[in-house]
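Straight run, no breaks: the sequence shown in the numbering used here ends on number 239.
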Amino acid sequence: MLNEETKRKLRLLKIGEFIDTIELPRKDEQTLALPFEERFQLAVDSVYQQKYNDKVHRLIKSAKIRLWAVR
169 MLNEETKRKL RLLKIGEFID TIELPRKDEQ TLALPFEERF QLAVDSVYQQ KYNDKVHRLI
229 KSAKIRLWAV R
């Protein structure tokens with residue numbers, strides 16, 4: 169469990185998503201059985217994918233691409 173000070177520091181580093189990713193697997197016994205390195209890798213992969221998806225979504229939205237209907 170992360171204490172409030174650690175959570176605050178993660179938010180300052182702009183990786184607040186890491187908080188949810190780390191605390192979520194606490195309920196999953198299979199994830200808890202994994203070694204620390206593998207759990208950390210899963211957390212990093214999850215945060216990376218979330219940030220990447222947000223970036224792609226933001227870029228698509230800002231591109232304002234218009235699609236013309238073909239008739």
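Just so it is clear, CB atoms sit at the ideal spot from N, CA and C, and this is done for glycine as well.
Measure how close the beta-carbons of residue i and residue j come, nearest whole angstrom, since I'm counting them as under 8 angstroms.
i	j	result
Val215	Thr189	5 angstroms
Glu185	Gln218	5 angstroms
If you follow the alpha helix (DSSP H) that residue i is part of, which residue opens it and which one closes it?
i	result
Leu178	172-180
Lys195	From DSSP, Lys195 is part of no alpha helix (DSSP H); its letter is neither H nor E.
Lys223	204-231
From this set, the options, which residue's C-alpha is nearest residue i's C-alpha?
i	options	result
Ile187	Asp196, Lys195, Lys177	Lys177
Ile183	Lys195, Leu202, Tyr220	Tyr220
Glu191	Val224, Asp222, Arg207, Arg234	Arg207
Val194	Ile233, Lys232, Leu170	Position check: residue 194 holds Arg in this sequence, whereas Val was assumed. Checking every option, the nearest Cα to that of Arg194 belongs to Leu170.
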